[in-house]
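Below you'll find the structure, written out as structure tokens, and then a few comments.
There are 2 protein chains.
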Amino acid sequence: MKVAYEVVKARRDQIAQLLAEHQYLPLAEVCARLGISEATARRDLTALERDHAITRTYGGAVGDYNRRFDSFRERLAQSADAKRRIAHAALDLIKPRMVVYLDGGTTVHAVADALATGGPRPLTVVTNNLMVAERLSDIEGIELNVLAGQYLRRQAVILGAKTQTSAKLWRYDLALFGAEAMTARGLWNTQADVVAVERTVAKSTKSTVFLVDASKLGASAPVFLLSWTDIDKLMTDASTDVLSHAGIVLPNRSLVTC
Amino acid sequence: MKVAYEVVKARRDQIAQLLAEHQYLPLAEVCARLGISEATARRDLTALERDHAITRTYGGAVGDYNRRFDSFRERLAQSADAKRRIAHAALDLIKPRMVVYLDGGTTVHAVADALATGGPRPLTVVTNNLMVAERLSDIEGIELNVLAGQYLRRQAVILGAKTQTSAKLWRYDLALFGAEAMTARGLWNTQADVVAVERTVAKSTKSTVFLVDASKLGASAPVFLLSWTDIDKLMTDASTDVLSHAGIVLPNRSLVTC
DNA sequence: ATTTATATGATTGACTTCGATCATATAAAT
DNA sequence: ATTTATATGATCGAAGTCAATCATATAAAT
Chain A
4 MKVAYEVVKA
14 RRDQIAQLLA
24 EHQYLPLAEV
34 CARLGISEAT
44 ARRDLTALER
54 DHAITRTYGG
64 AVGDYNRRFD
74 SFRERLAQSA
84 DAKRRIAHAA
94 LDLIKPRMVV
104 YLDGGTTVHA
114 VADALATGGP
124 RPLTVVTNNL
134 MVAERLSDIE
144 GIELNVLAGQ
154 YLRRQAVILG
164 AKTQTSAKLW
174 RYDLALFGAE
184 AMTARGLWNT
194 QADVVAVERT
204 VAKSTKSTVF
214 LVDASKLGAS
224 APVFLLSWTD
234 IDKLMTDAST
244 DVLSHAGIVL
254 PNRSLVTC
Chain B
4 MKVAYEVVKA
14 RRDQIAQLLA
24 EHQYLPLAEV
34 CARLGISEAT
44 ARRDLTALER
54 DHAITRTYGG
64 AVGDYNRRFD
74 SFRERLAQSA
84 DAKRRIAHAA
94 LDLIKPRMVV
104 YLDGGTTVHA
114 VADALATGGP
124 RPLTVVTNNL
134 MVAERLSDIE
144 GIELNVLAGQ
154 YLRRQAVILG
164 AKTQTSAKLW
174 RYDLALFGAE
184 AMTARGLWNT
194 QADVVAVERT
204 VAKSTKSTVF
214 LVDASKLGAS
224 APVFLLSWTD
234 IDKLMTDAST
244 DVLSHAGIVL
254 PNRSLVTC
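Protein sequences appear in the order of chains A and B.
Letter 165 of the first sequence, counting from 1, is numbered 168 in the working numbering, and no numbers are missing.
Letter 174 of the second sequence, counting from 1, is numbered 177 in the working numbering, and no numbers are missing.
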């Protein structure tokens, strides 16, 4: 029997809501909860998928509500192995009771990943990256703080003038940064606001460490960040040979290759 | 054939990673991507589910990586209808170019929901609630800012001394708050640090508005927040009769019932 | 009031997935 | 070197899911 359009819409909204809450629901569950037949449930799910509200699966559907950070995640996959190795080396720098700043990039996110599964405790972690925040929140022994500022969902990062102001509220023992490019002159990044925050943090940290995988060698990025003399350590999977060939020569204690 | 345990573990980690990226993958896709048989894929998925890394579905699996804010979502469902009505009434208070503060509770989240689908633009929104932040980020005409501070994932909220400091970085035209209880004396909340932030914001806003559904009438909460004379408006679904019966009497222009 | 359009639920056959079982290959233990 | 343990892939019957089709009831249009 035909039914008022509003009734249909309300029901589909309810299904979308249900899926936002439960992430996944089998078809039978949808039928049971709404008291509708398989056929109607199927039709509703198909319609909702057409409107990009959910994703159908064989036997049910998943909600799209939480599909954020997608572009960030894609970048996470690049050079994932090198990033993981660098991150594990970086763990050695972190000691219990430190206040550690974790930068917004994907390489530094690997450190958060490593920290989540174990490492020195207790720790105070400060970050402007919300994926890092998610990863490390509610972990025993880690107090997680975020900076203030404008939230940019695509990059999962908090930026802006207020971010710099709030970055000054802490004193860091160690700051772990990423960068988009490294050349003989130093380290570069793509966004001016990102660099602004990084420089602000660099001024109030005891130790400044950069984690940069080899793919960033010879890459180019428009905004100059810091020169080699400004940093305490570079951790990379690029070999000393390749680095010096690119004109990057650092004292032994400032370079960790892995 | 038996295979080194590390190989198995690495493969399962890879599947979990893949699911974190794609949220949902059908079994056949897992087989294809890893070059393994259905049987092995099934066994891997079962093992991963046992470790609470993923959730199995009929025909595939979904990643658990993003299942956050769950307890907050549950509270969202309570009195959902009243919250929605109150939120829609609150929309009228918001005018283009305002700087609006949105509090951490579930009632205020309904305002974010309403704002997301339409309303006055442009707006500057400031919040300490990350689910509100998610909801309103990347929306044309809305600049979304978050406060600094310690991130408490269960409540999806940012709190602490630094939160108060960063709350003072803005001047608000309008602040929308929730509360856990209302009595003749005024409004109450459960957590001292939540109240601390709310009071800080209340001091730097032109207009202080509370959105409280009827279920909070007669409820009790330990921390006193503000008395009725301190606020500019109360929006509630409780009737004037019921309110006055509870000893709450407000001037007409300060009370919106819906 | 009559007609038209369509939302729903039931049915059916084709297709897919599942769990159990088994043979086999290889890592780990002895 | 030999034995033991187990990870893997193949197979198969059972159970579940899907898309298509159809009759029907009711909203919307006339």
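Each residue gets a CB set at the ideal place from its N, CA and C atoms; glycine is no exception.
6 Å CB neighbourhood of residue i in its chain, flanking five on each side removed
i	result
Y269/B	Beyond the ends of chain B as shown, which are 4 and 261, falls residue 269/B; an answer cannot be given.
S74/B	R157
Cβ-Cβ separation, residue j to residue i (assumed contact under 8 Å), whole Å
i	j	result
V114/A	L162/A	Going by Cβ atoms, the distance from V114/A to L162/A rounds to 20 Å, so no, they are not a contact pair.
K219/A	M185/A	6 Å
A56/B	A19/B	5 Å
N132/B	A92/B	Not confirmed; about 20 Å, so no contact.
K143/A	T127/A	The amino acid occupying residue 143/A in the given sequence is Glu; Lys does not appear at that position. With 8 Å as the limit, E143/A and T127/A do not qualify as a contact, their Cβ atoms being about 14 Å apart.
R138/A	D116/A	6 Å
S242/A	G189/A	Contact flag wrong, Cβ pair sits at about 19 Å.
K152/A	N148/B	Sequence inspection shows Gly at residue 152/A; the Lys mentioned does not correspond to that position. With a Cβ gap of about 6 Å, G152/A and N148/B count as contacting.
L228/A	N192/A	5 Å
Assigned secondary structure, residue i (DSSP; H/G/I helix, E/B strand, else coil)
i	result
Y175/B	strand
A184/B	strand
A224/B	coil
Y61/A	coil
V6/B	coil
L96/A	coil
E146/B	strand
V103/A	strand
L253/B	coil
T232/A	helix
T260/A	strand
Q194/B	coil
Q153/B	strand
V204/A	helix
V215/B	coil
Contact set for residue i: own chain, Cβ-Cβ below 7 Å, skip 5 residues either direction
i	result
L21/B	L28, R36
V11/A	none
A64/B	L22, L28, L48, I57, T58
A222/B	E183, A184
G62/A	P29, L30
E41/A	L30, C34
A119/A	R138, L139, I142
Pick from the options that is closest to residue i, judged by C-alpha positions
i	options	result
E52/A	A93/A, D16/A, L79/A, P225/A	D16/A
S82/B	N131/B, T239/B, L133/B	T239/B
D54/A	G63/A, D67/A, A44/A	D67/A
L150/A	T168/A, A85/A, H112/A, T193/A	T168/A
P99/B	A119/B, T110/B, P123/B, G107/B	P123/B
V102/B	E41/B, A187/B, T211/B, K165/B	T211/B
A187/B	T60/B, S247/B, V197/B	S247/B
V245/A	R45/A, A217/A, T232/A, R256/A	A217/A
D84/B	W173/B, G38/B, R45/B, T110/B	T110/B
V198/A	H112/A, G107/A, K171/A, P125/A	G107/A
D233/B	A249/B, A224/B, K209/B	K209/B
M134/B	L253/B, S257/B, Y8/B, R78/B	R78/B
R76/B	A90/A, H25/A, A224/A, E32/A	H25/A
L214/B	A224/B, A164/B, Y154/B, L96/B	L96/B
Boundaries (first-last residue) of the alpha helix (DSSP H) holding residue i
i	result
L37/B	30-37
E41/B	41-53
L118/A	109-119
Q167/B	164-170
V135/B	133-139
S247/A	243-248
Proximal residues to residue i (C-beta, below 8 Å), its chain only, five neighbours per side dropped
i	result
A195/A	V226
S207/A	A170, K171, W173, R174, Y175
T60/B	Y27
A267/B	Because residue 267/B is not part of the residues shown, which for chain B are 4 to 261, the question remains open.
A136/B	T130, L147, V149
R202/B	L228, L229
G250/B	T186, A187
Where the beta strand (DSSP E) through residue i begins and ends
i	result
Q81/A	Neither: Q81/A is in no beta strand (DSSP E) and is coded neither H nor E.
T127/B	126-130
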